[in-house]
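**Student:** Below are the structure tokens for one structure; questions will follow.
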Amino acid sequence: MLSVLQEDEFLLISDKRFNQCVQFVGQGFFGIRLETTSNAYRDDAHQLTAAQIAGLVDLGLQLPSRIPEESDPLSDPDGSPNIFREFASPVDFDALAAVAVNVLNIIAVPHAGYLEYDAFSNVDGNSLSFPALGLRREIHSEDSDTNPKLPQLLLDTISELTGVDTWVFGDDGEVGGIHFCSVTAYVKILSDTPHIRIYAPLNENVEESPALLSRINELNAEYGFMHLFHQGGTIFALSDILASPFNVSIVAHWLGNFFQIADELNGVLQAEFGDAASTGEVQPTSVTH
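Counting from 7, one number per residue, gives the positions in the sequence shown under my numbering.
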């Protein structure tokens, strides 16, 4: 995606949880600038540590050249109030992408499911679309239409799908323990955005390996609406859906698809990377084709 970024076009890869991002600025003949959020724009709970800042500097990024209150690009065109690095033309896009991924690791984004993107032209203000990124587009507050009845609508939909009418949101804001065959899932409404998230731990005690990560990437490419990731020895499945306007049939269909595919993948991954892989036994799946 970086190779098609034109002059005065911006691509932001942002953390859904709080204000931090990696930003790419198209500069035409001069190349591309990469920036990440400095402490001047972070709240007290999410300040970068000295070790994180040192890690960013080791990647070739420069410390902010000015504070936000004195942010004047005209008088300081080669500086920034953020932590930044210039990639001169002709840009090595593979190197730029690799640095960006390392920046995301250093600022502690745990996996791609926590990311969203925004893109626009600074010339005409028009939005730009990069669907091949595989990330959800950022929902701006002025575009949001959050329904105050959304929590109850979601509970009613889960009740209709499961035949159980005692579901409630826990203290962590999640509806947990929803069982379907081999899968136990958790559902929540993402704060500040009209989206619903469902996620489920699949196979546990799975060691990370190149073969595992390659297989996860392959499955992510196949199932566009669902993402798999490996964290803490467990493979997780995760999916988000726009919940405003809320359509009961669409949300119910989405939840049902998630459970069926997650159950199928649970058996497939267990056979390939779990205990069954060492015994040669293939675990049956409950999904009928």
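Glycine included, C-beta positions come from ideal geometry on N, C-alpha and C. The model shown is predicted, which means the values in this text are computed figures rather than measured ones.
(1) Report buried or exposed for Gly280, applying the criterion of at least 16 other Cβ atoms within 10 angstroms of its Cβ.
(2) Among all the DSSP beta bridges, which residues are the ones paired with Phe235?
(3) State the Cα-Cα distance for the pair Leu54 and Leu18, rounded to the nearest angstrom.
(4) Can at least three beta-carbon pairs, one atom from the segment 169-184 and one from the segment 233-241, be found at a separation below 8 Å?
(5) Going by DSSP, which residues form a beta bridge with Gly32?
(6) Out of Ala125, Glu13 and Ile256, point me to the one whose CA is closest to Thr163's CA.
(7) With a 10 Å radius around its C-beta and 16 neighbouring C-beta atoms as the bar for buried, classify Ser135 as buried or exposed.
(8) Rounded to a whole number of angstroms, what is the C-alpha to C-alpha distance between Leu67 and Ile202?
(9) What's the C-alpha gap between Val129 and Gln33?
(10) Got a sec, what are the start and stop residues for the alpha helix (DSSP H) Gly273 sits in?
(11) Between Leu159, Met7, Gly169 and Glu92, which lies nearest to Asn253 when the distance is taken from Cα to Cα?
(12) Going by other Cβ atoms of all chains shown within 10 Å of its Cβ, with 16 needed for buried, is Gln276 buried or exposed?
(13) Hey, how far is the Cα of Asp151 from the Cα of Leu248?
(14) Could you check how far apart the C-beta atoms of Ser245 and His233 are, in whole angstroms? I think they sit under 8 Å.
(15) With which residues is Tyr123 paired in a DSSP beta bridge?
(16) Hey, could you find the ends of the beta strand (DSSP E) Glu180 is sitting in?
(17) I'd like the list of long-range same chain contacts for Ser127, defined as Cβ closer than 7 Å, with 5 residues on each side in sequence excluded.
(18) If you draw a straight line from the alpha carbon of Gln29 to that of Pro216, how long is it in whole angstroms?
(19) Looking only at DSSP bridge pairs, what is Ala206 linked to?
(20) Grouping DSSP H, G and I as helix and E and B as strand, with all else coil, what is Glu224?
(21) Determine the burial state of Arg91: buried for a count of at least 16 other Cβ atoms within 10 Å of its Cβ, exposed for fewer.
(22) Use the C-beta contact count for Asn209: other C-beta atoms within 10 angstroms, 16 or more gives buried, fewer gives exposed.
(23) Taking the alpha carbon of Thr42 as the reference point, which residue from Ala101, Ala191 and Ile89 has its own alpha carbon closest?
(24) Does DSSP put Thr168 in a helix, a strand or coil?
(25) For Val63, count neighbouring Cβ atoms within 10 angstroms of its own Cβ and tell me buried if that reaches 16, exposed if not.
(26) Cβ of Phe93 within 8 Å of any heavy atom in the ligand MN?
(27) Going by DSSP, what residue range makes up the alpha helix (DSSP H) through Ser113?
(28) So Ala104 and Phe36 are in contact, right, with Cβ under 8 Å, and what is the actual spacing, rounded?
(29) Residue range of the beta strand (DSSP E) that Ala191 falls in?
(30) According to DSSP, which residues form a beta bridge with Glu92?
**Tutor:** On the basis of the coordinates in this document:
(1) buried
(2) Phe242
(3) 19 Å
(4) no
(5) Ile38
(6) Ile256
(7) exposed
(8) 36 Å
(9) 12 Å
(10) Val254 to Phe279
(11) Leu159
(12) buried
(13) Caution is warranted here: a pLDDT of 47 is assigned to Asp151, below 50, making its placement in the model unreliable, and the coordinate value is therefore given only provisionally. Cα to Cα, Asp151 sits roughly 11 Å from Leu248.
(14) 7 Å
(15) Ile19 and Arg143
(16) Glu180 to Phe186
(17) Asp14, Glu15 and Leu134
(18) 29 Å
(19) Ala243
(20) helix
(21) buried
(22) buried
(23) Ile89
(24) helix
(25) exposed
(26) Absence of the ligand MN from the depicted structure is noted, as is the absence of any ligand whatsoever, leaving it without description.
(27) It is worth fixing the name first, because residue 113 is Ile in this sequence and not Ser. Neither: Ile113 is in no alpha helix (DSSP H) and is coded neither H nor E.
(28) Their Cβ separation, rounded to whole angstroms, is 21 Å, which puts Ala104 and Phe36 out of contact at 8 Å.
(29) Val189 to Ile195
(30) Arg39
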